[in-house]
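K.L.:
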Amino acid sequence: MGTPHNSAAMGDIAKTVLLPGDPLRAKFIAEHFLEAPKQFNAVRNMFGYTGTYKGKEVSVMGTGMGCASIGIYSYELIHFFGVENLIRIGSCGATQENVRLGDIIMAAGASTDSNYAHQYNLPGSFSAVASYPLLRRAVETAEKYGYPYQVGNVLSSDVFYNETEEWKIWAKMGILAVEMESFALYCNAARAGVNALGIFTVSDSLISHEEMSAKEREQGFTNMMTVALEASLEL
Ligand code: HPA
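Under my numbering, the first residue of the sequence shown is numbered 1, with each subsequent residue one higher.
So, in structure tokens, the structure goes:
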């Protein structure tokens, strides 16, 4: 059947999908972390693959950047392909002094400057939250392996190159870090009654302007992948 953005057939995609922003990251994950990966999508080069991890079927697919893009891909995965667990993996920029490069951030909640939730006609503001079972498993894995991690609220911003330093106002509300997609993912999951979680490595700091080296990036990425894949196992 397929959709305008995804040529997979029903059954090609696992119930659990890992969602990096970059489609080439999806390809890398499929080739290095999954057994027997099979590609199910190449429309718009938004590559998607299904394989197994420790014997359990899992898929990985790119989302593109921003709420608009992940909004499309995650909606279709849920409503046209029967996906029930969506785990975003990505990077984020720290907005607190005590959030360090390489830390793993798990988004218990996602705040936003996006208008994505306008569509629901809610009579107030919506608190977009992670699936607690997914979050609990991710925390258990980070604890088990001793990875540095923090759980809290992130800002899913529509704007990467912002005219004003609005992140500083969000930081006063305890926002740990900025990324660009989790709010839309959490809204789509909430509306459909499925599970979603955003897990990030801190790649840069908006406070100190430090950035991770290539080696640090690789280690942070590997730790985050372990957390995401182990969390996906118990679903
Ligand atoms: N802003 C938005 N998204 C990001 C950032 C950032 O500073 N760093 C990594 N992803």
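Glycine included, C-beta positions come from ideal geometry on N, C-alpha and C.
If you compare alpha carbons, which of K38, R25, Y49 and G82 is closest to G193?
P.N.:
Nearest of K38, R25, Y49 and G82 to G193, Cα basis: G82.
K.L.:
Report yes or no: do three or more beta-carbon pairs, one from the segment 48-58 and one from the segment 161-169, lie closer than 8 Å?
P.N.:
Too few Cβ pairs lie closer than 8 Å, so no.
K.L.:
Based on Cα-Cα distance, which residue from S114, D158, F80 and Y147 lies nearest to M106?
P.N.:
The shortest Cα separation from M106 among S114, D158, F80 and Y147 belongs to Y147.
K.L.:
Under 8 Å, do E24 and I87 count as touching if we go by C-beta distance?
P.N.:
In the sequence as displayed, the identity of residue 24 is Leu instead of Glu. Contact: no.
K.L.:
Note down, in chain order, each residue of its chain lying with its Cβ closer than 6 Å to the Cβ of N41, except the 5 sequence neighbours on either side.
P.N.:
Hits under 6 Å: N6, S7, A8 and G48.
K.L.:
Start and end of the alpha helix (DSSP H) containing Y53?
P.N.:
No alpha helix (DSSP H) holds Y53; the beta strand (DSSP E) holding it covers G48 to Y53.
K.L.:
Decide if G90 is buried, meaning its Cβ has at least 16 other Cβ atoms within 10 Å, or exposed.
P.N.:
Per the 10 Å Cβ criterion, buried.
K.L.:
Return helix, strand or coil for E179, following the three-state DSSP convention.
P.N.:
E179 falls in the strand class under three-state DSSP.
K.L.:
Tell me whether the beta-carbon of C92 lies closer than 8 Å to the beta-carbon of S203.
P.N.:
Cβ distance < 8 Å, so C92 and S203 count as in contact.
K.L.:
Consult DSSP for V194 and reduce its assignment to one of helix, strand or coil.
P.N.:
The answer is coil: DSSP assigns V194 none of H, G, I, E or B.
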